[in-house]
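Asker: Got a structure for you, questions after.
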Amino acid sequence: MKNTLKNLGYRFDDERAIWRHPEYRGISYNDGDEIETRIGGIIASSEDISVLSTELRGKVTDWASLYHLSSVRSNILRPYQKIFKGDVLEIGAGCGAITRYLGEQGANILALEGSPRRASIARSRTRDLENVTVLSERFDQFKTDQTFDVITLIGVLEYANLFTPGDEPALNMLKRVRQLLKPTGQLIIAIENQLGLKYFAGAPEDHLGTPMYGVEGRYQKDQPQTFGKKVLEEMLVKSELSHSQFMAPFPDYKLPTSIVTESGFKSPNFDAAAFAWQSVKKDHQLPPCTHFSLELAWADVVKNGLGLDMANSFLILASPAAAGVPSTDILAYHYSAERLASYCKETLFISKDHDVDVVHFPLKTNFNKISDLDGPVNFLFPESQKYSLGKTLSWEFIQIVSRDGWTFEEVGKYFKRYVRILEGLISKDGGLAELKSCQDLVPAKYFDGIPQNIVITPEGAPIFFDTEWVLKTDIELGRVLLRAILNLLPLVSRYGKNISYDELTHRQFIEQVFSSVGINVSDDDINYYIQQESEVQNQIYGRPLEKPMEWGLGNHLNFLNTYLYSRKKDQEVVQNVHTISQLNDAIRMYENSKSWILTRPLRKSVKLAKKISSFIKNLPNTIRNKLHLENGVQAQVKSWLKILRDEGFVEFLKAIKKFIRRIGTEKQSAFSIWLDQYSALFNSAEENLNSKSKDFERTPLISIVMPVYKTNHQWLKEAIESVIQQSYPHWELCIADDASQDGKLREILESYAAKDARIKVYFSNINEHISAASNHALTLATGEWVGLLDHDDLLDKNALLWIVGSINENPNASLIYSDEAKIDEVGNKFAPYFKPDWNRDLFYSQNYICHFGAYKTSILKDVGGFRLGFEGAQDYDLALRFIEKISDGDIVHVPRLLYYWRAHQLSTAQSGSAKNYAKDAGKRALQEHLDRIGIRANVNSTIDGYRVSYALPKNLPLVSLIIPTRNSKALVEQCIESIIKKTKYQNYEIILVDNGSDENESLNYFKTAEIEYGIRVIKYDGEFNYSAINNYAASEAKGELLCLVNNDIEVISPEWLGEMVSLAIQPRVGAVGAKLLYSDSSLQHGGVVLGVGGVAGHSHKYLSDGGAGYFNRANLISSYSAVTAACLLVRKELFLMVGGLNESNLKIAFNDVDFCLKLQEAGYANVWTPYAKLFHHESATRGPEDSPEKVNRFNSEVEYMKKRWDSILGKDPAYNPNLTLEREDFSLAFPPRM
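1 is the number of the first residue of the sequence shown in the UniProt record's numbering; add one for each residue after it.
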């Protein structure tokens, strides 16, 4: 071989240990510099470079290293092991994975590779094999008269368009290969099938990465190209390779574990489809979701005779002579090549008469059939046996969970049957078995008795096969079940929609299975079984114990098909665009901030670093939650702070902008996109309003009050013009200049007043500040209504028309306010605040009325206008005094963007801290308001607004804490002891409602708690009816207040109960809800929003603890239409007044929402407070809602809610129709519900 290469002009490159022409530079194809350098380094530094090397397999970290180093790669050639004799030419050696296998077969191998670097790596992989020669050369340039016994094209023919000249490059390549073959020589081709089933399911074309590209035949001349079976057969015939044999490697030719022959697909005594569907999830390049379930599809594809035609890849043996393609009675090959070399095996399924023999061969030559090992299992090399026709038990599992609407009741029946099968097999062996608990023992021989290894014959008989692993001791049933589940979960590429769960982790699935089977398993049990299984994996696969098999217990089941996945991604894109907008707003704010300019000398100080860290922490939560798209919050912040410290503030801002560009490239904010998308909807509403305005009974004059002081001239003009351009004509603009001493500004004002008699201007001789200036403007007002406008802000052109429309719809209205957004210095609109209807508790937490506010003039003047001494919060103080004169029903909200608040470096629109004196003034205004109306409370400022702490009476009212439970000793104990040990409020009783507990452990604890803590345990022996249980307990309660508490609640903040009581005793308050966190400290309950998800959903669900939420609502006391009964406090008299919980129509779901709505209907506000903080280990004891009976019950409860509360669901007064009902994050509604 070497002499031949010398004669052809090639020279040996000592540095690379390959042959090449001295001037040859290679081809423009590689896997990337980093990848090839890394793979080359791994191979060069490894001692064991054999095909079955455990050392190389242990260095696999990603797809590239798996592809180049995995021992599975060589399975593609194992069916032809006996033909590798004489001279073998490998075309396209790559990094040597296949070269290594060929070399180990002992033939003379010439490995041809176009890339010198890859050729060098291939030689490094075969450096101990003298029978291998590596040549770096293009195939079309390889001019030789030598012929070969075998030529391989493994993943090469598809690249013919790139490296072979002519009109039909692939055909030309095959013709050249034919010239290099001996008369009876053999060609082996492995190539993707253009029409493979996975590509119809949406998998991207392997080389070009675009779904349907190959299926639709969109290949171009300079692109890789794959072919279907018929086209390949025709090309082979045209190339004088007329004798061919096609096989189907599964999942494909790259990393095949099974290979099915054409005979295998045709045999009536053989289930070829099983090899296809069991391999689906082994395809590492399969996308996260597909158009359909490949597992289910394969069965019918094979049944209809299309198994080979629609295989994902082909393995082809072709020859110019019939003798080169011998017929075979082998139906399929299966390989176990990922194990330690001593355990690797090949399994052949051979047709014999009307039967099928299953024959096993070791892949390693020096091999013991029986191994008494040091580890936990012994290896028994399986004997040959007869093939059992039927379906594996695992197939039934796939059929269940791949169907939409599956339930855990069905899954439970499946696993109960599995346990019965185990009992039958044990009994058949002469043993006695009744398997009921985790601790029951199963004979050691059934260690590997998982559903994949049990065939159900057509007659229904179970047969256990593939018994190669035997545990050294008998095995607990719990571990057998866990092994079964762990081995079944990876078989399913897409689960159907479960009837009760939108998402499930693998661990949750495991727990539900055990529960459905009726076998109790604890977290400790699962962890123990996992540890034992890791020891087995270490023995079989050589995985270190510190790196056990990736069980993925935290991974979620994939419920998404392509449509749902696409929809989910679309929602994420919209959210990301919104995130970009918010980041841009934050950058704009800090770029314009004087504080940053003034602190330039302090950039490198620790103090400044802390400021930046605080800035990041207080970014809108939607931004912080999305930082995981990059490196995670901590890593991202750390990198930004390093840039700030080392390179300065300008580079810091550039880094943030670069981050924004990485998230997305949309130039518009999500808000801008939303405005554009629904402009026609908004215009239509405005035209409709204009049409109605002709019939308005009331067309009041509206006086716009505008104090002015040294404002930007352009912004002032824009503010005035926004009034002049109003579609409603009956207005007057009352301007008071607070001694600006600006000649140009005075000229502007006088000019406008001269042009339009509706514009009135008062000029003050002395600067009296904004309250006095506003009062001066108010003296000019003659209108029936007054609207407030700052001197640099803008009104929407229809703002007054919408206000007047509301006046006509609400004749008793005295105060009207609208939604608002911000506008930057160059006119970009951002940060819309879509507000709730009148919400006293939120108003006490922040001045959300703010802009645009319109007040009845008579009442405004009656309260004395604006008060001096409250500058910065003069409008908040005014509103607080104003609402003292009117009823809540006189306050009307217009859910429209009627006002644009100018954001610049000195405005409170840009930053709440831009005017700290304003917050202090607001605090005083609120405190005085509460004092005036006789409410005993203290007001404190918080980062997010104000906190009203209501006083508790001297004699604390008794609170009855009602905790329903069935068993669940651990949860109940945690709940009760956290209450007793952490609660500051001391006047309470605990009523534990026992709903049929039957576990001694729980019953004993209940008795102990009665004695030690003085709790009351009352029995409720009826069926589980949450409403009835709590109603019964309420009738037994001694307290003035009732607090419904789930048994999976755990106290966090000691003041929780006092906080809730202080709110509940306010005469206007109905139910009070708490801030509930999941075990991971993310928000579980922040109030209930009606309409979200259909009936109701929890506000700001999954928000990180401390996250501000939408305009800080997650950190502010606020009214909601409902709060969850997981922790709900209410006065007993109100509970009884509205009839308690609905135990007839709402036994389980929505009873708390219905209860709260009854309170709201009766005129009471339901309040949520963030200052009562508890864990809610949600649904820890509740079984799955998936039986037909439970599903019917749930559906009936949904229908009841929709019928009973139809007028309010989707129109939540505590929410806004411009915000979504699809999620709990207060993002924009697409479309708005207007």
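Glycine is no exception: its CB is placed at the ideal position from the N, C-alpha and C atoms.
Keep in mind that this is a model prediction, so the values were computed, not measured.
Which runs of the alpha helix (DSSP H), 4 residues or longer, sit entirely within the stretch 1134-1170?
Answerer: Correct list: 1151-1161.
Asker: In the stretch 306-347, which residue ranges form an unbroken beta strand (DSSP E) of at least 3 residues, counting only runs that do not cross its ends?
Answerer: 313-319, 330-336
Asker: Going straight from the alpha carbon of L294 to that of V1167, what length do you get?
Answerer: Here residue 294 corresponds to residue number 294 of the sequence shown, with the count starting at 1. Here residue 1167 corresponds to residue number 1167 of the sequence shown, with the count starting at 1. One C-alpha to the other measures close to 50 Å.
Asker: Tell me whether the beta-carbon of P224 lies closer than 8 Å to the beta-carbon of Y159.
Answerer: Locating residue 224 in the sequence shown gives position 224, counting from the first residue. Locating residue 159 in the sequence shown gives position 159, counting from the first residue. Against a cut-off of 8 Å, the Cβ pair of Y159 and P224 comes out as a contact.
Asker: Short check: CB of I1018 to CB of V1045, under 8 Å?
Answerer: Within the sequence shown, numbered from 1, the residue matching residue 1018 stands at position 1018. Within the sequence shown, numbered from 1, the residue matching residue 1045 stands at position 1045. No; because the gap between Cβ atoms is not below 8 Å, this pair is not in contact.
Asker: Taking a contact to mean a Cβ-Cβ separation below 8 Å, would you say Y529 touches R479 in this structure?
Answerer: Counted from its first residue, the sequence shown places residue 529 at position 529. Counted from its first residue, the sequence shown places residue 479 at position 479. Closer than 8 Å, so yes.
Asker: Using 8 Å as the threshold, is the C-beta distance between N312 and G196 below it?
Answerer: Taking the first residue of the sequence shown as position 1, residue 312 is located at position 312. Taking the first residue of the sequence shown as position 1, residue 196 is located at position 196. Yes; because the gap between Cβ atoms is below 8 Å, this pair is in contact.
Asker: Does the contact criterion of 3 or more C-beta pairs under 8 Å hold for the stretch 1194-1214 versus the stretch 1115-1131?
Answerer: yes
Asker: Do L135 and I49 have their CB atoms nearer than 8 Å?
Answerer: Numbered from 1 along the sequence shown, position 135 holds the residue referred to as residue 135. Numbered from 1 along the sequence shown, position 49 holds the residue referred to as residue 49. Judged by their CB atoms, L135 and I49 are not nearer to each other than the 8 Å cut-off.
Asker: My parser needs the beta strand (DSSP E) runs of 3 or more residues fully inside the stretch 1036-1081; what are they?
Answerer: 1041-1045, 1049-1051, 1069-1077
Asker: What whole-angstrom Cβ distance do A272 and A332 have, given they're in contact under 8 Å?
Answerer: What you label residue 272 is simply residue 272 of the sequence shown in a count that begins at 1. What you label residue 332 is simply residue 332 of the sequence shown in a count that begins at 1. Indeed, because the Cβ distance is near 7 Å, the residues count as touching under 8 Å.
Asker: Would you kindly check if the distance between the Cβ of V1061 and the Cβ of P895 is under 8 Å?
Answerer: Mapped onto the sequence shown, residue 895 falls at position 895. Mapped onto the sequence shown, residue 1061 falls at position 1061. No, these two residues do not count as a Cβ contact at 8 Å.
Asker: Name the one or two DSSP bridge partners that residue 1268 has.
Answerer: Since the first residue shown for the chain is 1 and the last is 1234, residue 1268 is missing from the structure and cannot be characterised.
Asker: What did DSSP end up calling N108 once you bin it into helix, strand or coil?
Answerer: Numbered from 1 along the sequence shown, position 108 holds the residue referred to as residue 108. Three-state DSSP puts N108 in a strand.
Asker: Can you list, in chain order, the residues of its chain whose CB lies under 6 Å from that of A1229, leaving out five sequence neighbours each side?
Answerer: Locating residue 1229 in the sequence shown gives position 1229, where the first residue counts as 1. Sequence-distant partners of A1229 (beyond 5 residues in either direction) whose C-beta falls short of 6 Å from its own C-beta, in its chain, are N1218, L1219, T1220.
Asker: May I ask which residues mark the beginning and end of the beta strand (DSSP E) holding D737?
Answerer: Translated into positions along the sequence shown, residue 737 becomes position 737. Per DSSP, D737 belongs to the beta strand (DSSP E) from 731-737.
Asker: Can you give me the C-alpha to C-alpha distance between N1112 and D944, rounded to a whole angstrom?
Answerer: Within the sequence shown, numbered from 1, the residue matching residue 1112 stands at position 1112. Within the sequence shown, numbered from 1, the residue matching residue 944 stands at position 944. Taking the straight line from one Cα to the other gives about 6 Å.
Asker: Using a Cβ-Cβ distance under 8 Å, would K82 count as near chain D?
Answerer: No chain D is present in this structure, which holds just one protein chain.
Asker: What residues are listed by DSSP as bridge partners for Q245?
Answerer: Stepping through the sequence shown from its first residue, residue 245 is reached at position 245. DSSP output for Q245 lists L317 as bridge partner(s).
Asker: Given K1173, which residues of its chain have a CB within under 6 Å of its CB, disregarding the five upstream and five downstream residues?
Answerer: Mapped onto the sequence shown, residue 1173 falls at position 1173. So the list reads I1052, S1053, K1075, once near-sequence residues are dropped.
Asker: Report the three-state DSSP secondary structure of R1182 (helix, strand or coil).
Answerer: By one-based count along the sequence shown, residue 1182 stands at place 1182. Confidence in R1182 is poor, its pLDDT being 46 and thus under 50, which makes the residue's placement unreliable; the coordinate value appears in the next sentence. Coil.
Asker: Can at least three beta-carbon pairs, one atom from the stretch 232-249 and one from the stretch 324-344, be found at a separation below 8 Å?
Answerer: yes
Asker: Do P376 and D466 have their C-beta atoms closer together than 8 Å?
Answerer: Numbered from 1 along the sequence shown, position 376 holds the residue referred to as residue 376. Numbered from 1 along the sequence shown, position 466 holds the residue referred to as residue 466. Taking a C-beta distance under 8 Å as the contact criterion, P376 and D466 do not qualify as a contact pair.
Asker: Following the continuous beta strand (DSSP E) through K981, name the residue where it begins and the one where it ends.
Answerer: For this step, residue 981 is matched to residue 981 along the sequence shown. Residue range 969-982 is occupied by the alpha helix (DSSP H) that includes K981, with no beta strand (DSSP E) assigned at that position.
Asker: Mind the definition here: the stretch 1017-1037 touches the stretch 980-988 only if three or more C-beta pairs lie below 8 Å; say whether that holds.
Answerer: no
Asker: What is the DSSP secondary structure of G103, counted as helix, strand or coil?
Answerer: Here residue 103 corresponds to residue number 103 of the sequence shown, with the count starting at 1. In the structure shown, G103 sits in a helix (DSSP, three-state: H, G or I).
Asker: If you check the beta carbons only, do Y946 and L930 fall under 8 Å apart?
Answerer: By 1-based counting over the sequence shown, the position of residue 946 is 946. By 1-based counting over the sequence shown, the position of residue 930 is 930. No, the Cβ-Cβ distance between Y946 and L930 is not below 8 Å.
Asker: By DSSP, does Y275 sit in helix, in strand, or in coil?
Answerer: On the sequence shown, residue 275 is found 275 positions in, with the first residue counted as 1. For the sequence presented, residue 275 should be read as Phe rather than Tyr. DSSP places F275 in helix when its eight states are reduced to three.
Asker: Taking C-alpha atoms, which residue in T407, N1151, Q452 lies nearest to Y418?
Answerer: By 1-based counting over the sequence shown, the position of residue 418 is 418. Of the candidates T407, N1151, Q452, the one whose C-alpha sits nearest the C-alpha of Y418 is Q452.
Asker: Count the CB pairs spanning the stretch 202-217 and the stretch 172-180 that are closer than 8 Å, and state whether there are at least three.
Answerer: no
Asker: Look at the alpha carbon of R746 and the alpha carbon of F870, and state the distance between them as a whole number of angstroms.
Answerer: For the purposes of this step, residue 746 is taken as residue 746 along the sequence shown, with counting starting at 1. For the purposes of this step, residue 870 is taken as residue 870 along the sequence shown, with counting starting at 1. Cα to Cα, the separation comes out at about 27 Å.
Asker: I want to know whether the stretch 394-403 touches the stretch 495-513 - three or more CB-CB distances under 8 Å.
Answerer: Segments in contact, yes.
Asker: Given this structure, state the Cα-to-Cα distance separating T164 from T261, to the nearest angstrom.
Answerer: On the sequence shown, residue 164 is found 164 positions in, with the first residue counted as 1. On the sequence shown, residue 261 is found 261 positions in, with the first residue counted as 1. Between T164 and T261, the C-alpha separation is close to 31 Å.
Asker: Once DSSP output is grouped into helix, strand and coil, what is the label at L564?
Answerer: Here the question's residue 564 lines up with position 564 in the sequence shown. Because L564 sits at a pLDDT of 49, beneath the cut-off of 50, its placement in the model cannot be relied upon, and the following sentence gives the value as read from the coordinates. In the structure shown, L564 sits in a helix (DSSP, three-state: H, G or I).
Asker: In the DSSP output, what is H1176 paired with across the bridge?
Answerer: By 1-based counting over the sequence shown, the position of residue 1176 is 1176. According to DSSP, residue pairing for H1176 in a beta bridge involves I1049.
Asker: Pull up the distance between the alpha-carbon of N900 and that of I724, whole angstroms please.
Answerer: Here residue 900 refers to the residue found at position 900 of the sequence shown. Here residue 724 refers to the residue found at position 724 of the sequence shown. Reading the sequence as shown, one finds Tyr at residue 900 and not Asn. Cα to Cα, the separation comes out at about 16 Å.
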